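Residue numbers (UniProt numbering), protein chains in the order written: chain V, 1 to 311; chain F, 1 to 311. Built from N, CA and C at the ideal position, the CB exists for glycine as well. Quick caveat: nothing in here was measured; it's all calculated off a predicted structure. These notes concern the structure reproduced below.
So, in structure tokens, the structure goes:
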């Protein structure tokens, strides 16, 4: 995935996404001892950066593939992102989701025009059901994070950030399935100026941290984190990019995530997901390293259940 | 207060305030059956529109007055706004606050450089203490809402909104002490294009509604509302403006306020005070009147205790 592909991707998806605002806070800067630039993908369409990769992946299909629709299995933001992107592009989206998923997530997918397919709550059942739809409808399976077009799309948030602030020293993104941090690392590589990429990850699901240590893709045995978007694991498309272009993955505790989340809500006056707060938490964790640096923070999304806040 | 005074005021305070963003939401528009433009003063410095009026009032003082400082009694946003404005302008701000006020509000005032003076929790005690400071230090008393310079300053938020969207049909502002709605009405009068001003008020503190009915300034006997910024009453400087230039004051229930607040948080992904949600609640209350209209909503502020949310 070279520089031109990233540029082409960005031009391609521009009509379907927002160039989201970048916010700053003098008080958080003082607390962190650094200059922070928050790229607010919580203001993205459907409330998360996932819209970027989903739109790019669908736009790369042939006309015949578009006629047969797309399928993914996700109970999170990618399900909504693929549904809304597909709707915007006149393509059918089949979304495989466990029947145990919250009703509000099912409704959101249907609200964006997605075709909901319910299944058992195991990964095997989800994969089996997705395959069935591929076979039955000829639909194209689109993975939420381990897909080159998705990775490129997710990287465009960081590209926009660097276009606005070309002298940023570090970009920090939360690490779940690896699509966002890999895409960001590519944007940093092509559009940064002595800039480096850092990943943020909860201790409770530190598969990416361990993967960088061991040199192979590790999995999580437990997923006991408030950062519900970060429970997934890396894949063979994004892991090599992360190995090569992400300087470090910094782990944070659940308490640190909640404190940073509260700080973002109280000071920036925005609603963000716990996953987004992981990136800010790493700044406080590595205070010395980032001292006086210009640091871009990717606020990944804002879809959060207000009835279940941690404060 | 003529058009030129409002223009001069805006130019004067520009270096000390943000021109806050205007957000829209397709989904809220669909729900409301109208085109809504949210002027986000929760992103204003110190988190509320009050910064505008406070800055203007201090800048209008003579050099000698500035040397002697300013004083106000408030336990809300105006206390912080006057402190921060005064700090920015190198002026002392004495803030009279009941000793029973939440510690977090006292800390906020001190954090912005205000000099905190604690007193008993009655209006009489607050007024007495303010007067003592006027006499002792020669400080100038600045009322949070019943002061011409404050009213003009508060009106600049609506002026910015109309500069961006000159074809807005209605501007809706929450009504507490009356400074914001009076200032907004002046901006609508001078810069609107067939535009009208509406006030939003909780049934629980409907003094402004009753004042318009009776033709004299009414008070509240109870203040049992979640919209803690709207418990105050009108004054002789802003009431005549409201009488002449506000088309209607629409009252909403506590439940309607909370529903609208949740909608703003969930869909716009921003943190706003309950008082701000009052303005949106009126849109749903007067669905027919506002059908298909372009409606500006002043989101007054975002200083809210996350530990005490109504959802």
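(request) Let me know the secondary structure DSSP gives residue 247(V) once reduced to three states. (result) Mapped onto the first chain, residue 247(V) falls at position 247. Residue 247(V) falls in the strand class under three-state DSSP.
(message) Between which two residues does the beta strand (DSSP E) holding residue 93(V) run?
(response) Residue 93(V) sits at position 93 when you count from the first residue of the first chain. Per DSSP, residue 93(V) belongs to the beta strand (DSSP E) from 93 to 98.
(message) I need the boundaries of the alpha helix (DSSP H) containing residue 131(V), first residue and last residue.
(response) As a working note, residue 131(V) is residue 131 in the first chain. Residues 123 to 137.
(message) Tell me whether the segment 85 to 97 of chain F and the segment 49 to 68 of chain F touch, counting them as touching only if at least three CB pairs, one residue from each stretch, are closer than 8 Å.
(response) yes
(request) Provide the residue(s) that pair with residue 165(V) in DSSP beta bridges, ordered along the chain. (result) Here residue 165(V) is taken as the residue at index 165 of the first chain, counted from 1. According to DSSP, which records beta bridges pairwise, residue 165(V) is partnered with nothing at all.
(message) Cβ closer than 9 Å: which chain V residues qualify as neighbours of residue 311(F)?
(response) In the second chain, residue 311(F) corresponds to position 311, counting from 1. What residue 311(F) touches in chain V: 306, 307 and 309.
(request) Give the straight-line distance between the Cα atoms of residue 74(F) and residue 140(F), rounded to the nearest whole angstrom. (result) Position 74 of the second chain, counted from the first residue, corresponds to residue 74(F). Position 140 of the second chain, counted from the first residue, corresponds to residue 140(F). So the two alpha carbons sit approximately 15 Å from each other.
(request) Output yes or no for whether 9 Å exceeds the beta carbon distance between residue 162(F) and residue 43(V). (result) On the second chain, position 162 is the one that residue 162(F) refers to. On the first chain, position 43 is the one that residue 43(V) refers to. Contact: no.
(request) Could you tell me whether the Cβ atoms of residue 2(F) and residue 190(F) are closer together than 9 Å? (result) As a working note, residue 2(F) is residue 2 in the second chain. As a working note, residue 190(F) is residue 190 in the second chain. Yes, Cβ-Cβ distance for residue 2(F) and residue 190(F) is below 9 Å.
(request) Please list the partners that residue 42(F) has in chain V, where partner means a Cβ-to-Cβ separation under 8 Å. (result) Here residue 42(F) is taken as the residue at index 42 of the second chain, counted from 1. 269, listed in chain order.
(request) Indicate whether at least one CB of chain V lies closer than 9 Å to the CB of residue 160(F). (result) Here residue 160(F) is taken as the residue at index 160 of the second chain, counted from 1. Judged by the 9 Å Cβ criterion, residue 160(F) is not in contact with chain V.
(message) Our contact map puts residue 184(V) next to residue 155(V) with C-beta atoms below 8 Å; I'd like the distance itself, whole angstroms only.
(response) Numbered from its first residue, the first chain carries residue 184(V) at position 184. Numbered from its first residue, the first chain carries residue 155(V) at position 155. Confirmed, about 6 Å.
(request) Round the Cβ separation of residue 216(F) and residue 247(F) to the nearest angstrom and send it over; I've been treating them as touching at under 8 Å. (result) Stepping through the second chain from its first residue, residue 216(F) is reached at position 216. Stepping through the second chain from its first residue, residue 247(F) is reached at position 247. About 20 Å separates the two Cβ atoms, so there is no contact after all.
(request) Using alpha carbons as the reference points, say which of 87(F), 270(F), 290(F) and 45(F) lies closest to residue 306(F). (result) Translated into positions along the second chain, residue 306(F) becomes position 306. The option with the nearest alpha carbon to residue 306(F) is 270(F).
(message) In whole angstroms, give me the CA-to-CA distance for residue 274(V) and residue 228(V).
(response) Here residue 274(V) corresponds to residue number 274 of the first chain, with the count starting at 1. Here residue 228(V) corresponds to residue number 228 of the first chain, with the count starting at 1. C-alpha separation (whole angstroms): 7 Å.
(message) Suppose you measure from the CA of residue 125(V) to the CA of residue 47(V); what does that come to, to the nearest Å?
(response) As a working mapping, residue 125(V) is identified with position 125 in the first chain. As a working mapping, residue 47(V) is identified with position 47 in the first chain. Rounded to whole angstroms, residue 125(V) to residue 47(V) spans 28 Å at the Cα level.
(message) Considering Cα atoms alone, identify which of 54(V), 262(V) and 81(V) is closest to residue 108(V).
(response) As a position in the first chain, residue 108(V) is number 108, starting the count at 1. The residue with the shortest Cα to Cα distance from residue 108(V) is 81(V).
(message) Quick check: residue 324(F) and residue 254(F), are their CB atoms within less than 9 Å of each other?
(response) With chain F covering only 1 through 311, there is no way to say anything about residue 324(F).
(message) Give me the residue from 177(V), 117(V), 226(V) and 84(V) with the minimum Cα distance to residue 99(V).
(response) Taking the first chain and counting its residues from 1, the one referred to as residue 99(V) is at position 99. Residue 99(V) has its Cα closest to that of 117(V), out of 177(V), 117(V), 226(V) and 84(V).
(message) Buried or exposed for residue 104(V), going by 16 or more other Cβ atoms inside 10 Å?
(response) Against the first chain, residue 104(V) aligns to sequence position 104. Per the 10 Å Cβ criterion, exposed.
(request) Tell me where the beta strand (DSSP E) around residue 112(V) begins and ends. (result) As a position in the first chain, residue 112(V) is number 112, starting the count at 1. Careful: residue 112(V) lies outside any beta strand (DSSP E) and carries neither H nor E.
(message) So with CB distances below 8 Å, who are the chain F contacts of residue 262(V)?
(response) Here residue 262(V) refers to the residue found at position 262 when the first chain is read from its first residue. Per Cβ cutoff of 8 Å: 306.
(request) Using only alpha-carbon positions, find the residue among 41(V), 114(V), 101(V) and 76(V) that is nearest to residue 70(V). (result) The count along the first chain starts at 1 and reaches residue 70(V) at position 70. The shortest Cα separation from residue 70(V) among 41(V), 114(V), 101(V) and 76(V) belongs to 114(V).
(request) Might you give, ordered along the chain, the residues of its own chain that have their beta carbon closer than 7 Å to the beta carbon of residue 237(F), omitting 5 neighbours on each side? (result) Along the second chain, one-based indexing puts residue 237(F) at 237. 146, 147, 148 and 151, listed in sequence order.
(request) Compare the beta carbon distance of residue 328(F) and residue 198(F) with 9 Å and say whether it is the shorter of the two. (result) This structure cannot speak to residue 328(F), because chain F is shown only from 1 to 311.
(message) For a quick check, are the C-beta atoms of residue 294(F) and residue 35(F) less than 9 Å apart?
(response) To locate residue 294(F), count along the second chain from 1; it is residue 294. To locate residue 35(F), count along the second chain from 1; it is residue 35. The answer is yes: Cβ separation under 9 Å.
(message) Using only CA atoms, which one of 6(V), 12(V), 223(V) and 262(V) lies nearest to residue 309(F)?
(response) On the second chain, position 309 is the one that residue 309(F) refers to. Minimum Cα distance to residue 309(F) is reached at 262(V).
(request) Measuring alpha carbon to alpha carbon, tell me which of 211(F), 164(F) and 89(F) ends up nearest residue 350(F). (result) Chain F is shown from 1 up to 311; residue 350(F) falls before or after that span and cannot be answered.
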